[in-house]
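Beneath this line is the structure, given in structure tokens, with notes to follow.
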Ligand SMILES: C[S@@+](CC[C@H](N)C(=O)[O-])C[C@H]1O[C@@H](n2cnc3c(N)ncnc32)[C@H](O)[C@@H]1O
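Residue numbers (this note's numbering): 9 to 299.
Structure (structure tokens):
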């Protein structure tokens, strides 16, 4: 089959789900990953024939896309902070907003002496933990998640450790039960977290490819207790942050003031809300008092 024909027929097959330019772009990503062709190959080499041995897996991938499965799960990877992270349906696909959290955390770490210690609560694919370990060599990072499948994905990330960068350590723990389990790590200079924060009530506005394919455990909190994870992050931070240490969390855009208030009430100082690229309240930072 010609590559151009696959792209044309595939785009038509995906049009019920995606605008045609997005559908073509998804198929090009697939062809780049599976065939090693370039985005411009269909234009520069219109007679490019898909090797027959490669066609079955390409058609199988197209079938998955036709069911609405996110392209990142089909490809098995997602780009984050300029790196290619392995993903599976056991983990949230890393989001661009979370790159902003990482950038803010990198700024904090660069202001600390080399060798800072970081705790990443609800680590998922490990995208935050790995990015911090790699962006600021010398940093030691512990990533925590309740899901063994997610931890397997986080541990499977495979990046060169240049300039003294250390691979994060990934451990299983229930973030919602901070005192209930032994945790032989810490103290930490920085605690970061992108926990589940979508209300059940917000499900109706969500895209089907998120609802049908991303793990519910990574997404939702009860409407009756939407800040439950932040309450626990405050408890972990109270116990494990060094005096003067910093916390940084990603939040539900509708709950900025309430989340900030939670950390203030828990006794943290310098509590501040920060916006994402879309001007939505997306992050809260706080500090543990120095004395
Ligand atoms: C929103 S995802 C964030 C994943 C990753 N940090 C990121 O930014 O892409 C939340 C993660 O929290 C984990 N999780 C849910 N409940 C948890 C709990 N009680 N204790 C620890 N981790 C939990 C999920 O398995 C999921 O990996």
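Backbone N, C-alpha and C fix where the C-beta goes; we use that ideal spot for every residue, glycine too.
Between residue 136 and residue 128, the beta carbon gap of about 5 angstroms places them in contact (Cβ cut-off 8 angstroms). Bounds of any beta strand (DSSP E) do not take in residue 105; it lies within the alpha helix (DSSP H) bounded by 104–118.
For the set 247, 251, 248 and 202, the Cα lying nearest the Cα of residue 229 is the one of 202. In the assembly as shown, residue 280 is an exposed residue. Its beta-carbon has fewer than 16 other beta-carbons within 10 Å. For the beta strand (DSSP E) assignment, the uninterrupted runs of no fewer than 3 residues enclosed by the region 235–274 are, from N- to C-terminal side, 249–258.
At a Cβ-Cβ threshold of 9 angstroms, residue 133 and residue 162 count as neighbours.
A straight-line Cα-Cα distance of about 22 angstroms links residue 213 and residue 266. Per DSSP, residue 174 lies in no beta strand (DSSP E) and is assigned neither H nor E.
With fewer than 16 other Cβ atoms from the protein chains shown falling within 10 Å of its own Cβ, residue 286 counts as exposed. Rounded to the nearest angstrom, the gap between the Cα atoms of residue 18 and residue 207 is 35 angstroms.
Boundaries of the beta strand (DSSP E) harbouring residue 200: 196–201, taken from the DSSP string. Residue 278 counts as exposed, since fewer than 16 other C-beta atoms from the protein chains shown sit within 10 angstroms of its C-beta. In this structure, residue 98 lies away from residue 82, with their beta-carbon atoms at least 9 angstroms apart.
Remark: the shortest separation between the CB of residue 133 and any heavy atom of ligand 1 falls under 8 angstroms. Here residue 283 carries a strand assignment [DSSP, helix/strand/coil].
Assignment of residue 294 by DSSP, reduced to helix, strand and coil, places it in the strand class.
Rounded to whole angstroms, the separation of the alpha carbons of residue 259 and residue 298 is 25 angstroms.
For residue 104, the shortest separation between its Cβ and any heavy atom of ligand 1 does not lie below 8 angstroms.
Note on the region 15–83: whole alpha helix (DSSP H) runs with a minimum of 4 residues are 28–43, 49–52, 63–74 and 79–83, in chain order. One thing to note: residue 184 has its Cβ within 9 angstroms of the Cβ of residue 236.
In the DSSP assignment, residue 277 forms a beta bridge with 295. DSSP links residue 180 through a beta bridge to 153. The C-beta of residue 24 has fewer than 16 other C-beta atoms within 10 Å across all chains shown, which makes the residue exposed. Taking the Cβ of residue 265 as the reference point, every heavy atom of ligand 1 lies at 8 angstroms or farther away.
For residue 204, same chain residues with a beta-carbon under 8 angstroms away, outside a window of 5 residues either side, are 130, 225, 226, 227, 228, 229 and 237 in chain order.
Residue 122 carries a coil assignment under DSSP once its states are collapsed to helix, strand and coil. Boundaries for residue 215: no alpha helix (DSSP H) harbours it, and the DSSP string shows neither H nor E there. Cβ atoms of residue 168 and residue 244 stay farther apart than 8 angstroms, at about 31 angstroms.
Residue 75 and residue 254 have their alpha carbons spaced roughly 43 angstroms apart. Remark: C-beta atoms of residue 38 and residue 73 approach each other more closely than 9 angstroms.
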